[in-house]
Amino acid sequence: MCQPEIAVYRGGRRGRGSVNLCKKAILLNACIIYIQSVAKLQMAVIQGVNSASMYAMFARWAPPQERSRLLSICTIGQHVGTIVAMPLVGYLCEAPGLGWKMAFYVFGVAGVAWFVLWAALVHNSPAEHPRISRSELLYITQNQAGSRSSRAIPWKHILTSLPVWAVTTAKFAGTWGFTCLLTKLPAYLADVLNLSIQKNGMINALVYTAEIAVMLLSGYVSDWLRKKRYLSTTSIRKIFESIALLGPAVCLSLVPAAGCQNVMVVTLLVLSMGLYGCIGGGDVPDFVDIAPEFAGTIFGFANGLAGTTGFLSPLMAGIFLDSDHGGLLQWSKVFYVTCAIYAMGALVFLLFGSGEIQPWALDPKPPLKEKPILEVVTLSASKLEELKPDHSKQ
């Protein structure tokens, strides 16, 4: 925009002033971009530990028979946040007197409020919680292996463990498909099915609502099966993970055959993400199953590898769609590659996956007893002594 001004006044003071103004504007813009990039990087680094710490917490707090449902509820929160945030940001940006800045203020304040509640209510273990009831403390600790002594992370065992790589591969495959639909589904609905923005948004919401509902249900069902001992933990994890990966693979493979039949395509897409919700009984709790003490570390490792799908999956889709963004043939390639990755993840987990704690994850030292439990036992023993008859007086 400053070029005409430079051409007219190139030799005068005004020309030099315009050039200096352009330089300052470019420098300011570069500084803003740099600050934004640094801020995004900081957010990514800080938020990246959330999921890993969640698994470390549930390894101490969640009894095995409730592990799937609790982890599913926690995982669902991320998806609910996405569904709520997207339309809310649009409303805040378009609302009179608010503007785009309000979106940052609202979510910034929400983050601070959440942190205050987290710091006040959450503790590392049941034994450290000052307000936990004795009955709840007993229930949790009696269904856990107890607190373990601090020891080094057995990276050699983790990196050479087939069950760890199996659940990591399954996590990668599921995240690939999820990311592909998350980033490309709106474009498919608009370019191929020619759906309006309103219908596009409704279908996207329906797709992820189906996933949330099934994830919650699968967590409860898998816990029920485990509690009743109808199946082993390994069988439960493999069944649910197979449905979660092979189900979407079958559905997405049929999408190109459906062509432009809107109802059929939308049904397959909703069914695909609904079946993927079965991870609530599959890989979601499996990290805690195979190594409770190191669940956060292993999940962080697996989630880090799965996070690469955030750019690999859209990159793959972009390569295929670059020449013909609205062609069914090019979109079919995107779906077929995603199906193959889904199937690969399911096959690896079926062959090498496990739901049992691994030998290297067991602490060779006996578990340390929780202090509050000792107090409860002491009180109970004292009470029993008081109730005993004094035979010396007889």
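Quick note on my numbering: the sequence shown kicks off at 964 and runs consecutively.
Note that beta-carbon positions come from the ideal geometry of N, C-alpha and C, so glycine has one too.
- Straight-line spacing of the CA atoms in residue 1184 and residue 1249 works out to 15 Å.
- With 16 or more other CB atoms across the displayed protein chains lying within 10 angstroms of its CB, residue 1236 is buried.
- The count of Cβ pairs closer than 8 Å, one atom from the stretch 1033 to 1047 and one from the stretch 1146 to 1164, stays below three, leaving the stretches out of contact.
- Distance between residue 1081 and residue 1021, taken at the CA atoms: about 15 Å.
- With contacts defined by Cβ atoms closer than 7 Å, residue 1089 and residue 1101 do not form a contacting pair.
- Shown here, residue 1225 sits in a helix according to DSSP, grouped into three states.
- Ranked by Cα distance from residue 1029, the options 1056, 1106, 1122 are led by 1106.
- Just measuring C-alpha positions, the residue of 1079, 1232, 1241 sitting nearest residue 1147 is 1232.
- Its chain contains 1139, 1142, 1143 as the residues whose beta carbon lies nearer than 6 Å to that of residue 1276, once the 5 sequence neighbours on both sides are disregarded; these appear in chain order.
- One thing to note: residue 1207 has its Cβ within 7 Å of the Cβ of residue 1242.
- DSSP places residue 1062 in no alpha helix (DSSP H); its state is neither H nor E.
- When the alpha-carbon of residue 1194 is set against those of 1319, 1314, 1054, the nearest one is in 1319.
- Between the stretch 1059 to 1069 and the stretch 1207 to 1221, the count of Cβ pairs shorter than 8 Å is below three; the stretches do not touch.
- Inclusion of residue 1199 and residue 1192 in the CB contact set at 7 Å is not warranted, their separation being larger than that value.
- Counted as a single uninterrupted DSSP element, the alpha helix (DSSP H) harbouring residue 1276 occupies residues 1272 to 1284.
- Here residue 1123 is exposed: its Cβ has fewer than 16 other Cβ atoms, across all protein chains shown, within 10 Å.
- A direct Cα-Cα distance of roughly 18 Å separates residue 1178 from residue 1047.
- Within its own chain, the residues whose Cβ lies closer than 7 Å to the Cβ of residue 1215, once the five positions on either side in sequence are excluded, are 1235, 1298, 1301, 1302, listed in chain order.
- Going by C-alpha positions, residue 1201 is about 13 Å away from residue 1306.
- In this structure, the beta-carbon distance from residue 1196 to residue 1252 falls below 7 Å.
- Taking the Cα positions, residue 1118 is about 21 Å away from residue 1271.
- Around residue 1220, the same chain offers no residue with a beta carbon nearer than 7 Å, after the five sequence neighbours per side are excluded.
- Distances from the alpha-carbon of residue 1204 to those of 1259, 1273, 1136, 1260 put 1136 closest.
- Assigned with DSSP and collapsed to three states, residue 1163 falls in helix.
- In the structure shown, the three-state DSSP call for residue 1095 is coil.
- Taking the CA atoms as reference points, residue 1032 sits about 11 Å from residue 1245.
- Between residue 1168 and residue 1312, the C-beta gap is not smaller than 7 Å, which leaves the two residues out of contact.
- The three-state reading of DSSP puts residue 1025 in coil, since its state is none of H, G, I, E or B.
- In the three-state DSSP reduction, residue 1245 falls in the coil class, being neither helix nor strand.
- A distance below 6 Å between beta-carbons, with the five flanking residues on each side excluded, links residue 1065 to the following residues of its chain, in chain order: 1055.
- Counting along the chain, residue 1261 sits inside the alpha helix (DSSP H) bounded by residues 1258 to 1269.
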